[in-house]
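Quick note on numbering that gives the first Met the number 0: the sequence shown kicks off at 0 and runs consecutively.
To keep things clear, I will list the structure first and then write my remarks on it.
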Amino acid sequence: MTQHILEKDTEEYIRRHGLVKAGDVLVVGVSGGADSMALLQVLARLAPDLNLGLVVATVDHGLRPAETVREIALVEQTARELGLDFFVKALPVRTYAEKHGLSLEEAARDLRYDFLAETARQVGARCIGVAHTADDQAEGVLLRLIRGTGRAGLGGMKPLSDLQVIRPFLEIPKQRLLEYLAQRGIPYLEDSSNSDPVYLRNRVRHILLPLLVEKFNPAIRATLNRTATIFRDEDTVLDTLAEQGFLQVVDWQEADPPQAGIKIGELLLLPLALQRRVVEKVLLRMGSAPSFARVEELIALAGSGRNSGDLHLHHGLRVGRREGLIYFYFPQGRVVGKGRLPEARPGEDCEVVLPGVGVYLLPQSGRQVRVSFSDQLPSPKELREGLTEFLDAELITFPLEVRSPRPGDQFYPLGGKGHKKVAAFLADLKIPVRERGREMILTSNGRILAILGRRIDHNFRLTSATRRVMAVLMDDPVESNTSGESG
Numbered sequence: 000m001t002q003h004i005l006e007k008d009t010e011e012y013i014r015r016h017g018l019v020k021a022g023d024v025l026v027v028g029v030s031g032g033a034d035s036m037a038l039l040q041v042l043a044r045l046a047p048d049l050n051l052g053l054v055v056a057t058v059d060h061g062l063r064p065a066e067t068v069r070e071i072a073l074v075e076q077t078a079r080e081l082g083l084d085f086f087v088k089a090l091p092v093r094t095y096a097e098k099h100g101l102s103l104e105e106a107a108r109d110l111r112y113d114f115l116a117e118t119a120r121q122v123g124a125r126c127i128g129v130a131h132t133a134d135d136q137a138e139g140v141l142l143r144l145i146r147g148t149g150r151a152g153l154g155g156m157k158p159l160s161d162l163q164v165i166r167p168f169l170e171i172p173k174q175r176l177l178e179y180l181a182q183r184g185i186p187y188l189e190d191s192s193n194s195d196p197v198y199l200r201n202r203v204r205h206i207l208l209p210l211l212v213e214k215f216n217p218a219i220r221a222t223l224n225r226t227a228t229i230f231r232d233e234d235t236v237l238d239t240l241a242e243q244g245f246l247q248v249v250d251w252q253e254a255d256p257p258q259a260g261i262k263i264g265e266l267l268l269l270p271l272a273l274q275r276r277v278v279e280k281v282l283l284r285m286g287s288a289p290s291f292a293r294v295e296e297l298i299a300l301a302g303s304g305r306n307s308g309d310l311h312l313h314h315g316l317r318v319g320r321r322e323g324l325i326y327f328y329f330p331q332g333r334v335v336g337k338g339r340l341p342e343a344r345p346g347e348d349c350e351v352v353l354p355g356v357g358v359y360l361l362p363q364s365g366r367q368v369r370v371s372f373s374d375q376l377p378s379p380k381e382l383r384e385g386l387t388e389f390l391d392a393e394l395i396t397f398p399l400e401v402r403s404p405r406p407g408d409q410f411y412p413l414g415g416k417g418h419k420k421v422a423a424f425l426a427d428l429k430i431p432v433r434e435r436g437r438e439m440i441l442t443s444n445g446r447i448l449a450i451l452g453r454r455i456d457h458n459f460r461l462t463s464a465t466r467r468v469m470a471v472l473m474d475d476p477v478e479s480n481t482s483g484e485s486g
């Protein structure tokens, strides 16, 4: 059979990006829909030339029983016809979503990727193949713009993710896949949930994108993909240069707690964009929140030409300018332990103000709130267990506020269908009226981020675009009420 142009383009893309190596085993996630059925057939035809072993995996989400039976049967039949091993698993999506406060879409995705990774380990596969297309990339970029994001988020999905997930169709429009399926006579099934307007992605797909195509730019999908590629490539370069700059201009002393000094003369020789990234890296490694305002303040301090008194940051960190250095140190150790808790400052019309990362004592209740940052996404187990709230740090600015519920409070509960009054949400949880005043609301710039220990707001959830995570945990009351520095 003559090689189809789609197969040729996909092979070229795989080789150009080094997505697989000769001898690799690849788990292909197949739902029975058009995109994944096309991916399976294309990879099956390319496998001999790429010296690639394939395994097929599909799932039963338990959400559309009648459709799912047909989908699984189609995927299994196709795998058998291609002579490939086939794995299937039923996933408790509804239970998982209710337990962890996720939407059905998010719960299904988490459990699906867990299963694909589990299958990869079982068969000794190095990577997982999924069928995201150029249309998916365009939709994702728009979604991140709507929700708010940084340069990394605008870079969209990568051809090869850090979790060894490959996306061979990332530059292929969906229409080309449909044409391929028709020309090859390959069957597929439509997922009815893909047209459900309750999902924001579907509203972007069926309402916003067509409007942009009709009224503004007929080639908007290609434009968004091109923009994502530019942002992704530039972000990689900037991060590499910033790491080199860090090694060049920062004297780092690894200790507990660490100390650091930025050599001002060398820092100021760097372009401003790299100055920002170097300062941000230092703050992150010191455990401090690198807000834009804080980074700009420290760069201005470096360029001021005069020494200064110390800036008192959160977590007991101090920063000053002296003898050609911007130095970072903890004069009394990192403020994290019991008996050294910084007492969160009382603020106007709120219970407490949290100026940055650290461990804070809530004076009215004796409880403590721990705020931290990480560049690593939490594992599915961490998301499932414990009371820590994980939020997208790039969407949040300090200071934070922790307060009691107020009349009229509303938020968008993760897993919900839209905004809801906090009082109604707590009532749904069967929390007595007399106890609702003890709940703690976390806010930033007047927006509710979470009801601590209950549910985060949907708009601040972790997504595939998340690069930095804020973790917030409210502990039980502590015995000590000693205060220290909060910054």
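Ideal Cβ positions, reconstructed from N, Cα and C, are used throughout, including at glycine.
* May I ask you to report which of helix, strand or coil DSSP gives V24? => Numbered from its first residue, the sequence shown carries residue 24 at position 25. Here V24 sits in strand by DSSP.
* Asked: In its own chain, which residues sit with a C-beta less than 8 Å from the C-beta of K416, not counting the 5 before and 5 after it?
  -> Residue numbering aside, residue 416 sits at position 417 when the sequence shown is read from its first letter. Excluding positions up to five away in sequence, the list reads V197.
* Asked: Less than 8 Å separating the beta-carbons of P330 and R321?
  -> Counting from one through the sequence shown, the residue named residue 330 turns up at place 331. Counting from one through the sequence shown, the residue named residue 321 turns up at place 322. Not closer than 8 Å, so no.
* Which two residues bound the contiguous beta strand (DSSP E) that contains A89? -> Here residue 89 is taken as the residue at index 90 of the sequence shown, counted from 1. Counting along the chain, the beta strand (DSSP E) containing A89 begins and ends at 84-89.
* For P209, does the count of other Cβ atoms within 10 angstroms reach 16, so buried, or fall short, so exposed? -> On the sequence shown, residue 209 is found 210 positions in, with the first residue counted as 1. With fewer than 16 Cβ atoms within 10 Å of its Cβ, P209 is classed as exposed.
* Residues bridged to E400 by DSSP? -> Counting from one through the sequence shown, the residue named residue 400 turns up at place 401. Its beta-bridge partners are V352, T442.
* So E388 is in the beta strand (DSSP E); what residue range does that whole segment cover? -> In the sequence shown, the residue the question calls residue 388 occupies position 389. Start and end: 388-391.
* Asked: By how many angstroms is the C-alpha of F389 removed from the C-alpha of L240?
  -> As a working note, residue 240 is residue 241 in the sequence shown. As a working note, residue 389 is residue 390 in the sequence shown. Roughly 29 Å between the two C-alpha positions.
* Using DSSP with H/G/I as helix, E/B as strand and the rest coil, what is I185? -> For the purposes of this step, residue 185 is taken as residue 186 along the sequence shown, with counting starting at 1. In this structure, I185 counts as coil in the three-state DSSP scheme.
* Please name the residue, chosen from L144, T94, L141, S160, that lies closest to R125 on a Cα-to-Cα basis. => One-based indexing of the sequence shown puts residue 125 at position 126. The closest CA to that of R125, considering only L144, T94, L141, S160, is found on S160.
* For P412, which beta-bridge partners are listed by DSSP? -> Taking the sequence shown and counting its residues from 1, the one referred to as residue 412 is at position 413. Residue pairing for P412: DSSP places it in a beta bridge opposite D456.
* To do: Mark M469 as exposed unless 16 or more other C-beta atoms lie within 10 angstroms of its C-beta, in which case mark it buried.
  => Taking the first residue of the sequence shown as position 1, residue 469 is located at position 470. Buried is the call here.
* Identify whether L360 lies in helix, strand or coil by the three-state DSSP scheme. => Counted from its first residue, the sequence shown places residue 360 at position 361. The answer is strand: DSSP assigns L360 an E or B state.
* **Enclosing beta strand (DSSP E) for L268 [first to last residue]** => As a first step, residue 268 is located in the sequence shown; it is residue number 269 there, counting from the start. Looking at the DSSP string, L268 is not in any beta strand (DSSP E), and its letter there is neither H nor E.
* **CB of L51 within 8 Å of CB of V26, strictly** => Locating residue 51 in the sequence shown gives position 52, where the first residue counts as 1. Locating residue 26 in the sequence shown gives position 27, where the first residue counts as 1. The answer is no: Cβ separation not under 8 Å.
* Asked: Got a sec? Which residues, its chain only, sit under 8 Å from S303 by beta carbon, not counting five neighbours each side?
  -> By one-based count along the sequence shown, residue 303 stands at place 304. Short of 8 Å from the beta carbon of S303, and not among the five residues preceding or following it, lie these beta carbons of its own chain, in chain order: R320.
* Quick one, are the C-beta atoms of M36 and I185 less than 8 Å apart? -> Here residue 36 is taken as the residue at index 37 of the sequence shown, counted from 1. Here residue 185 is taken as the residue at index 186 of the sequence shown, counted from 1. Yes.
* Does the Cβ of F298 have 16 or more other Cβ atoms within 10 Å, making it buried, or fewer, making it exposed? -> Locating residue 298 in the sequence shown gives position 299, counting from the first residue. Residue 298 is actually Ile in this sequence, not Phe. Counting C-beta atoms within 10 angstroms of its own C-beta, I298 has 16 or more neighbours from the protein chains shown and is therefore classed as buried.
* Asked: Does the Cβ-Cβ distance between L487 and S371 come in under 8 Å?
  -> Outside the modelled stretch of the chain, which goes from 0 to 486, sits residue 487, for which no answer is possible.
* To do: Report all residues from its chain with a CB closer than 6 Å to the CB of G308; omit the five preceding and five following residues, and keep chain order.
  => For the purposes of this step, residue 308 is taken as the residue at position 309 of the sequence shown. Same-chain partners within the cutoff: there are none.
* Considering only residues of the stretch 34-104, which uninterrupted alpha helix (DSSP H) runs meet the minimum length of 4 residues and lie entirely inside it, listed in chain order? -> 64-80, 92-99
* Give me the Cβ distance between L153 and V140, rounded to the nearest whole Å; I'm assuming they're in contact under 8 Å. => Translated into positions along the sequence shown, residue 153 becomes position 154. Translated into positions along the sequence shown, residue 140 becomes position 141. Right, their Cβ atoms sit about 6 Å apart.
* To do: Report yes if the CB atom of A96 is closer than 8 Å to the CB atom of L90, and no otherwise.
  => Along the sequence shown, one-based indexing puts residue 96 at 97. Along the sequence shown, one-based indexing puts residue 90 at 91. L90 sits away from A96, with the two beta carbons spaced by 8 Å or more.
* To do: Check S373 in the structure and name its three-state DSSP category.
  => Numbered from 1 along the sequence shown, position 374 holds the residue referred to as residue 373. S373: strand per DSSP, three-state reduction.
* Roughly how many angstroms lie between the CA atoms of H418 and D474, to the nearest whole one? -> Here residue 418 refers to the residue found at position 419 when the sequence shown is read from its first residue. Here residue 474 refers to the residue found at position 475 when the sequence shown is read from its first residue. Spanning the two alpha carbons is a distance of roughly 27 Å.
* Using the C-alpha atoms, what's the distance from A221 back to E189? -> On the sequence shown, position 190 is the one that residue 189 refers to. On the sequence shown, position 222 is the one that residue 221 refers to. Computed Cα separation, rounded: 24 Å.
* Inter-residue Cα distance where the pair is V129 and R111 -> Start at 1 with the first residue of the sequence shown, and residue 129 comes out as number 130. Start at 1 with the first residue of the sequence shown, and residue 111 comes out as number 112. Cα-Cα distance, rounded: 11 Å.
* Going along the chain, which residues of its own chain have a beta-carbon closer than 7 Å to the beta-carbon of G336, five neighbours each way excluded? -> Your numbering for residue 336 matches position 337 in the sequence shown. Residue placement at G336 cannot be trusted, given a pLDDT of 37 that sits under 50; what the coordinates show is reported in the next sentence. Cβ within range, chain order: n/a, list empty.
* **Backbone CA spacing between E6 and K173 [nearest angstrom]** => Along the sequence shown, one-based indexing puts residue 6 at 7. Along the sequence shown, one-based indexing puts residue 173 at 174. Spanning the two alpha carbons is a distance of roughly 14 Å.
* Simplified DSSP assignment, three categories, for G304 -> Translated into positions along the sequence shown, residue 304 becomes position 305. Correct three-state label for G304: coil.
* To do: Work out the CA separation of V281 and T235 for me, nearest whole Å.
  => One-based indexing of the sequence shown puts residue 235 at position 236. One-based indexing of the sequence shown puts residue 281 at position 282. The C-alpha of T235 lies about 18 Å from the C-alpha of V281.
* Asked: For R276 versus L237, is the C-beta distance shorter than 8 Å?
  -> What you label residue 276 is simply residue 277 of the sequence shown in a count that begins at 1. What you label residue 237 is simply residue 238 of the sequence shown in a count that begins at 1. Their beta carbons are under 8 Å apart, which means R276 touches L237 by this criterion.
* Span of the alpha helix (DSSP H) holding D232? -> Counted from its first residue, the sequence shown places residue 232 at position 233. Note, D232: alpha helix (DSSP H), 219-248.
* Asked: When the Cα of A227 is compared with those of D134, A181, I261, which residue comes out closest?
  -> As a working note, residue 227 is residue 228 in the sequence shown. With distances taken between Cα atoms, A227 lies closest to D134.
* Asked: Using the rule of at least 16 other Cβ atoms within 10 Å of the residue's Cβ for burial, across every protein chain shown, is A137 buried or exposed?
  -> Taking the first residue of the sequence shown as position 1, residue 137 is located at position 138. It is buried - the Cβ of A137 has at least 16 other Cβ atoms within 10 Å.
* Proximal residues to G452 (C-beta, below 7 Å), its chain only, five neighbours per side dropped -> Working through the sequence shown from its first residue, we reach residue 452 at position 453. Counting only Cβ-Cβ distances below 7 Å, and skipping sequence neighbours, we find L386, M473.
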